[in-house]
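So the structure is just underneath, and the comments pick up after that.
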Amino acid sequence: MDFGTAAIQLPAPGWLHQPKIPGRITDRISIHKTGIGSDARELRVEGVDGGHTGYWTKTVAAPDWTFVATDAPLSGTPLTNTPDDRSVDPTVAESAFDYSGRSTAGWTATIAHFDVSQSPTPLHVELGDGNSVDLTLHTVDGLRQTPQPSGISDAPRHFDGTLEVPQDLLDSLATQPNSVHAFITDTLGGRRFTDTGVDVTAGSFDIAALGLALPRRR
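Counting in UniProt numbering, the sequence shown runs from 1 upward without gaps.
Structural data, given as structure tokens:
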């Protein structure tokens, strides 16, 4: 292990719900690192409060926003900030990127509605004899040195990933059907977590640890 390089934690910490900002805001948003660890972050959003311009701020884990007045001209574009919670918007359509592929061993892996901004992702494996396994695929954007188009495109997008086997499945592995037992032990080494590279395009979803590229279903 090289302690001189930064470690990537997978599964990554989940999204942390942030409270509504109680005032006018713009699209000028920034995140400032204040120390070590994923919680050492300060959020800032340009806005207006009580007739003063400035920015709303909070640490990522703080329960409330506070306002810092600067009286400087606003540089961002004003945003509509309704009082209702829009963290889950039912009017937004699910991702149209579905992938499914069959391995040479006869099992089929399927990923539905893959979204680069959402992790983890369910990974369903049909074993060909009527049995199946539901895994969890955790992903985080891989390091890149060149500009990357947003979302999913024809340009390969690399992720560092981890395949997770449910703990209750591992605990009951000895009593599982032969096909399930063989898949977990032979393909995933009987481990709960398996690191893997993941490369995604608009046409395929490549999971290195499974040795399988899943074509897109249209």
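Don't be surprised by glycine CBs; every beta carbon is placed ideally from N, CA and C.
By a beta-carbon distance limit of 8 Å, residue 140 does not contact residue 183. Their separation comes to about 25 Å. In the DSSP assignment, residue 124 is bridged to 110, 134. For residue 31, DSSP records a beta bridge to 43.
Under DSSP, no beta-bridge partner is assigned to residue 94. Look at residue 181 here: in three-state DSSP terms it is helix.
Cβ contact annotation for residue 103 (same chain, cutoff 6 Å, sequence separation greater than five): 212, in chain order.
Below 8 Å, too few C-beta pairs join the stretch 40-58 and the stretch 94-103 to call them touching: fewer than three. In its chain, beyond the 5 residues on either side, 142, 199 have a beta carbon closer than 6 Å to the beta carbon of residue 158. Residue pairing by DSSP puts residue 158 in a beta bridge opposite 199. Within the DSSP bridge table, the entry for residue 56 names 45, 67 as partners.
Contact annotation, residue 146 with residue 124: C-beta distance approximately 33 Å; criterion of less than 8 Å not satisfied. For residue 212, the enclosing beta strand (DSSP E) starts and ends at 212-217.
Exposure of residue 75 is indicated by the presence of fewer than 16 other C-beta atoms within 10 angstroms of its C-beta. Closest by C-alpha distance to residue 205, out of 194, 22, 87, 116, is 116.
Under the three-state reduction of DSSP output, residue 175 falls in the helix class.
Counting the other CB atoms within 10 Å of its CB gives residue 56 a total of 16 or more, which places it among the buried residues. Between residue 22 and residue 67, the alpha-carbon positions lie close to 10 Å from each other. Distance from the CA atom of residue 175 to the CA atom of residue 190, rounded to whole angstroms, is 14 Å. Nearest neighbour of residue 152 by Cα position, chosen from 122, 114, 177, 24, turns out to be 114. Here residue 194 carries a strand assignment [DSSP, helix/strand/coil]. CA-to-CA, the gap between residue 156 and residue 150 works out to about 11 Å.
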